[in-house]
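Trainee: Counting in the working numbering, the sequence shown runs from 16 upward without gaps.
Before I ask anything, let me first share the structure, which is written out below as structure tokens.
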Amino acid sequence: MPDSFFQRVVVPVANHDDAATTADAVVPYVENSGATVIAVHVIEKAGGAPDKASVEQREQTAEEIFDTVADGFEGVAVTLETELRYGTDVAATIIDAAHEWTASTIVFTPRGGSRWRKLLSGDVTHKLVESSDVPVLVLPDREVSDA
Numbered sequence: 016m017p018d019s020f021f022q023r024v025v026v027p028v029a030n031h032d033d034a035a036t037t038a039d040a041v042v043p044y045v046e047n048s049g050a051t052v053i054a055v056h057v058i059e060k061a062g063g064a065p066d067k068a069s070v071e072q073r074e075q076t077a078e079e080i081f082d083t084v085a086d087g088f089e090g091v092a093v094t095l096e097t098e099l100r101y102g103t104d105v106a107a108t109i110i111d112a113a114h115e116w117t118a119s120t121i122v123f124t125p126r127g128g129s130r131w132r133k134l135l136s137g138d139v140t141h142k143l144v145e146s147s148d149v150p151v152l153v154l155p156d157r158e159v160s161d162a
């Protein structure tokens, strides 16, 4: 893949495990490239329904997730940025971040979960791939692909 594809990479991260898995999968593509990696975590607004956790709790969790991302990119020659966003549509919020950062691509590993859960909650992966006008690269989980 051309190096320019990985010049400014938006990397959505949902939780601690996802942050570690995604960083591990992205590093081989960006190491020693001088790329800018922008880790984006979206705090999903409930759209009128009460949230299960307070905003402060969710922001603290986001900071811990960003720490996990930073650990994954430690020693890798990239510029790492982090951004916390809020939105009712996670995929649209990630795409908006990609536009604002003038990202060359959105790169991530798919999240686990049952098909029923994805169907009921709306599959962010599917929405990103279908809706984004920024190139999207879905990488395999390296642990799964190495097995």
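The beta-carbon is built from N, C-alpha and C at its ideal position, and this holds for glycine as well.
Threshold first: 4 residues or longer. Then list the alpha helix (DSSP H) segments lying entirely within the segment 36-95, N to C.
Mentor: Every alpha helix (DSSP H) stretch that sits fully inside the segment 36-95 and reaches 4 residues is listed by chain position as 70-87.
Trainee: CB-CB under 6 Å to ILE58, same chain, minus the five flanking residues each way: which ones, in chain order?
Mentor: Answer for ILE58: ARG73 and TYR101, listed in chain order.
Trainee: Just reading off the alpha helix (DSSP H) that LEU143 is part of, what are its end residues?
Mentor: 139-146
Trainee: Please report the residue range of the alpha helix (DSSP H) in which THR120 lies.
Mentor: Looking at the DSSP string, THR120 is not in any alpha helix (DSSP H); the run it does join, the beta strand (DSSP E), is 120-123.
Trainee: Could you check whether THR120 and PRO155 sit closer than 8 Å to each other, using their CB atoms as the reference points?
Mentor: The answer is no: Cβ separation not under 8 Å.
Trainee: For ALA118 versus ILE53, is the C-beta distance shorter than 8 Å?
Mentor: yes
Trainee: With respect to the alpha helix (DSSP H) encompassing VAL164, which residues constitute its N-terminal and C-terminal limits?
Mentor: Because the chain spans 16 through 162 in this model, residue 164 falls outside it and cannot be assessed.
Trainee: Buried or exposed: where does HIS141 fall if 16 or more other Cβ atoms within 10 Å of its Cβ makes it buried?
Mentor: exposed
Trainee: Distance, Cα to Cα, ALA61 vs ALA50?
Mentor: Computed Cα separation, rounded: 34 Å.
Trainee: Counting C-beta neighbours from all protein chains within 10 Å, is the total for ALA68 16 or more, i.e. buried, or is it exposed?
Mentor: exposed
Trainee: Could you pull the start and end residues of the beta strand (DSSP E) that LEU152 belongs to?
Mentor: 151-153
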